[in-house]
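Student: Pasting in a structure now, in structure tokens, and then I'll have a few things to ask.
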Amino acid sequence: MLNIHNLSVSFQGEYLFEEVTFRLGEGDRVGLVGKNGAGKSTMLRIISREQEYDTGQIATDKDIQIGFLKQDIDFVEGRTVLEESYEAFELIKKLEKRLEAINTELAERTDYESEYYHDLMVELNEVQHQYEIHGGYNYQGETERILMGLGFTRADFNRITDTFSGGWRMRIELAKLLLQNNDVLLLDEPTNHLDIESIIWLEGFLRNYTGAVVIVSHDRMFLDNVTNRTIEISLGKIYDYPKPYSEYLVLRQEMREQQMAAQKNQQKEIEHTEKLISKFKAKASKATMAQSLVKKLNRMDVIEVDEDDNSVMTLNFPVSVVPGKVVVEAEDVKKSYGEKTVLNGIDLLIERDSKTAFVGQNGQGKSTLAKIIVDEISYDGKLKLGHNVQIGYFAQNQADHLDGNKTVLDTMIDAANEKNRSKVRDILGSFLFRGEEADKFVRVLSGGERNRLALAKLMLQPFNVLVMDEPTNHLDIKSKNVLKEALKRFEGTLLLVSHDRDFLQGLTSTVYEFRDHKIKEYLGDIDYYLEKRAVENLREIEKKDPKVKAKPAATKDTYKDQKKFKSLSNQLSNIESEVNKLERQMKEMDAELAADYEKTSSKPDFFDGYQAKKKKVEELMSKWEEVSEELERYS
1 MLNIHNLSVS FQGEYLFEEV TFRLGEGDRV GLVGKNGAGK STMLRIISRE QEYDTGQIAT
61 DKDIQIGFLK QDIDFVEGRT VLEESYEAFE LIKKLEKRLE AINTELAERT DYESEYYHDL
121 MVELNEVQHQ YEIHGGYNYQ GETERILMGL GFTRADFNRI TDTFSGGWRM RIELAKLLLQ
181 NNDVLLLDEP TNHLDIESII WLEGFLRNYT GAVVIVSHDR MFLDNVTNRT IEISLGKIYD
241 YPKPYSEYLV LRQEMREQQM AAQKNQQKEI EHTEKLISKF KAKASKATMA QSLVKKLNRM
301 DVIEVDEDDN SVMTLNFPVS VVPGKVVVEA EDVKKSYGEK TVLNGIDLLI ERDSKTAFVG
361 QNGQGKSTLA KIIVDEISYD GKLKLGHNVQ IGYFAQNQAD HLDGNKTVLD TMIDAANEKN
421 RSKVRDILGS FLFRGEEADK FVRVLSGGER NRLALAKLML QPFNVLVMDE PTNHLDIKSK
481 NVLKEALKRF EGTLLLVSHD RDFLQGLTST VYEFRDHKIK EYLGDIDYYL EKRAVENLRE
541 IEKKDPKVKA KPAATKDTYK DQKKFKSLSN QLSNIESEVN KLERQMKEMD AELAADYEKT
601 SSKPDFFDGY QAKKKKVEEL MSKWEEVSEE LERYS
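Under full-length UniProt numbering, residue 635 is the last one in the sequence shown; the count climbs by one each step, no gaps.
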């Protein structure tokens, strides 16, 4: 189906991969893995013919069709979900237009006996036949099936795509690819924006896909459930095994051990032969034998052990100051968007040095409560932070907020202060941005490299409480392990939102399950929680409650083409910031008035200023309700 032979690609004078050869055939479901920046996305772009390569050859069957799901997508504004999805059927849409034109012309003409009218009838019959052959009478039902499998409801079908967040628009693009009759599917991080139910549905779809599939993913469970072959890009080479990822790791390790044993035996043989050569050289009668041994050594193929790319980031989270015993205390916290209740009656107590996991279905309020704790969104009820609490926050879409036009180094320098600016290069080095890597523009970084940079920025601020929302998105498997070990060593308080059981194992000691607008506490690790819920894994929990189904929700994904959604989100954020600022100023004025009423009240315009601030808050809250209601339409 598709053959790649001696493919080489270099970047800034260094090879991403050199003289790589492999073949894709029908039924191959390949997991393309490797560390961040190894060249996985580049390989997909080359296979899809979107990027040139330096040397080598790519041979394909005639008329092969390749579908490519990229991390960044562009949409035509103004189309509904169905209209955009129907773009997958280019030929059918052309045939539909021709059928409409023919039928319109036939309805208007009256020269029934003419040759032209007869030709139109013949063409109508032919076009109808082609329309039927290419699935024209079935494509709409198939489109709805795929969209619903990816989490859309029928109510979403006629909504404009502009009103959806970037994650949901990515699902539309995925639906289009799955609807096309492609011979090869290239999927770059397809699970990043999918909830668990949709991931499970996609796994089933891909397992039954007859063509070839190449998947770049750092979700180990997804790879194990879908793939039957693993290709790893490491240090410019590829390692290709007909096994899913976990089995591949075992096989590759066994091969390296065999290579090391063979290399050791060969080295002994070489040393023994060299001793004989030295011994025989000194004797004329043995000179011929010495020459023979030299030739034998020259003919010997030296056994090499496959190199492992063990370069990983160095990560430690230092605690700034020791906070009070109670870090976060929440009482009857509620959060709604219009009529949609997300959280209701939440009571929560998080103590110093605890490590807590938030788990549950998408849309149940995990990220919402995290944002409330870090004071990013408004809420009803009471929430108090403890004495000396300093929060470090890693948001789910943290990497999306980086400026693509800045270099890695400039990004860090701009975020640093006078005390830590001199340490910027050292911090970047520990996150694998060394030498020329620091001068790369952010826009050319892979998703995982952007996440590493976002983590590096986090190190520039003091904190003793770390709130992380899905921090492993885009991180390669080795980087995930480094992050996990760093969080284990972290001596502060950790609050972690994640779906990843492997990542959570051994990391947290308390689990809060989010369900039906409430939370339930489990005093144990993730395995204890799963045991109590009597299930094998997080996926089963999220499958057990079909009544709670994630709806397309407006998030803070910052795709360039989300102008409307981004504008509303920014408005809401700015209003909340302004209200918080004014309320703090009013509290300060209240305290000033209570401390010395006579002196304060005698100040000119004191009460006028207070009333003006109060009126401004009321106006802003009214505006907040309007923007919030408009934003709710996209939820």
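In this text, a Cβ means the ideal position worked out from N, Cα and C, and glycines have one as well.
This one's a predicted model, so the numbers in the text were calculated from it and none came from an experiment.
1. What number of angstroms, rounded off, separates the C-alpha of L178 from the C-alpha of M1?
2. Answer with buried or exposed for F490, where buried requires no fewer than 16 other C-beta atoms within 10 angstroms of its C-beta.
3. Residues bridged to Y393 by DSSP?
4. Is M412 near the ligand MN - that is, is its Cβ less than 8 angstroms away from at least one heavy atom of it?
5. What do you reckon, are the CB atoms on V328 and K384 nearer than 9 angstroms?
6. Taking buried to mean at least 16 other C-beta atoms within 10 Å of its own C-beta, is T42 buried or exposed?
7. Assess contact between the stretch 97-114 and the stretch 144-163, defined as three or more Cβ pairs (one per stretch) separated by less than 8 angstroms. Is contact present?
8. Name the residue from S354, A330 and A101 whose alpha carbon lies nearest to the alpha carbon of I346.
9. Exposed or buried, L206, counting other C-beta atoms within 10 Å across all chains shown (16 or more means buried)?
10. Below 8 angstroms, how does it come out for the stretch 208-227 and the stretch 5-23: are there three or more Cβ pairs, yes or no?
11. Assuming V226 is part of the alpha helix (DSSP H), what are its boundary residues?
12. Three or more beta-carbon pairs under 8 angstroms between the stretch 228-240 and the stretch 38-54, yes or no?
13. At the level of alpha carbons, what is the spacing between Q611 and E619?
14. Using 10 angstroms around the beta-carbon of T104, count the other beta-carbons present and answer buried if the total reaches 16, otherwise exposed.
15. For a test of the three-state rule: what should DSSP assign to G136, helix, strand or coil?
16. Could you tell me the boundaries of the alpha helix (DSSP H) in which I477 lies?
17. Use the C-beta contact count for V342: other C-beta atoms within 10 angstroms, 16 or more gives buried, fewer gives exposed.
18. According to DSSP, S367 sits in a beta bridge with which residue or residues?
19. Tell me E14's beta-bridge partners as DSSP assigns them.
20. I'd like to know if the stretch 418-435 and the stretch 463-477 are in contact, where contact means that at least 3 CB-CB pairs between them fall below 8 angstroms.
21. Let me know if Y529 comes out buried or exposed under the rule of 16 or more other beta-carbons within 10 Å of its beta-carbon.
22. Which residue's Cα is closest to the Cα of V359: N125, Y512 and E203?
23. Under the DSSP definition of a beta bridge, which residues are partnered with T510?
24. Quick one, are the C-beta atoms of residue 639 and H5 less than 9 angstroms apart?
25. If you draw a straight line from the C-alpha of V20 to the C-alpha of K237, how long is it?
26. Using C-beta distances below 8 angstroms, list every residue in its chain close to Y137, excluding the 5 sequence neighbours before and after it, in chain order.
27. Rounded to a whole number of angstroms, what is the C-alpha to C-alpha distance between K551 and W168?
28. List the endpoints of the continuous alpha helix (DSSP H) containing G448.
29. Between F205 and chain C, is there a C-beta pair that is closer than 9 angstroms?
30. Skipping 5 residues on each side, what residues in its chain have a beta carbon closer than 8 angstroms to that of V322?
31. If we call anything under 9 angstroms between Cβ atoms a contact, is L466 one with T493?
32. Would you call the stretch 251-265 and the stretch 62-72 in contact, with 3 or more CB pairs under 8 angstroms?
33. So, using beta-carbon positions, are H134 and F164 closer together than 9 angstroms?
34. So what does DSSP say about D61, is it helix, strand or coil?
35. Between I146 and R23, what straight-line distance do the alpha-carbon atoms span, to the nearest angstrom?
36. Quick one: grab the DSSP three-state call for G151.
Tutor: Looking at the coordinates:
1. Whole-angstrom Cα-Cα distance: 19 angstroms.
2. buried
3. V467
4. The ligand MN is absent from the structure shown, which contains no ligands of any kind.
5. yes
6. buried
7. In short, these stretches do not touch, since the Cβ pair count stays below three.
8. Comparing Cα positions, the closest option is A330.
9. buried
10. no
11. It spans R220 to V226 - the alpha helix (DSSP H) in which V226 sits, taken as one unbroken run.
12. yes
13. 12 angstroms
14. exposed
15. coil
16. I477 to R489
17. buried
18. Per DSSP, none; premise fails for S367.
19. F11
20. no
21. Classified as buried, Y529 has 16 or more neighbouring CB atoms from the shown chains inside 10 Å of its CB.
22. Just measuring C-alpha positions, the residue of N125, Y512 and E203 sitting nearest V359 is Y512.
23. DSSP lists T356 as partners of T510.
24. For residue 639 there is no data in the structure shown, the boundaries of the chain being 1 and 635.
25. 7 angstroms
26. Within the same chain, Y137 has close Cβ partners Y131.
27. In this prediction, K551 has a pLDDT of 40, which is less than 50 and means its spatial position is unreliable; what the coordinates show is noted afterwards. Cα-Cα distance, rounded: 10 angstroms.
28. G447 to L458
29. Absent from the structure is chain C; it holds one protein chain and no more.
30. R352, N388 and N464
31. yes
32. Under the Cβ criterion (8 angstroms, minimum of three pairs), the stretch 251-265 does not count as touching the stretch 62-72.
33. no
34. Coil at D61, not helix or strand.
35. 29 angstroms
36. Coil.
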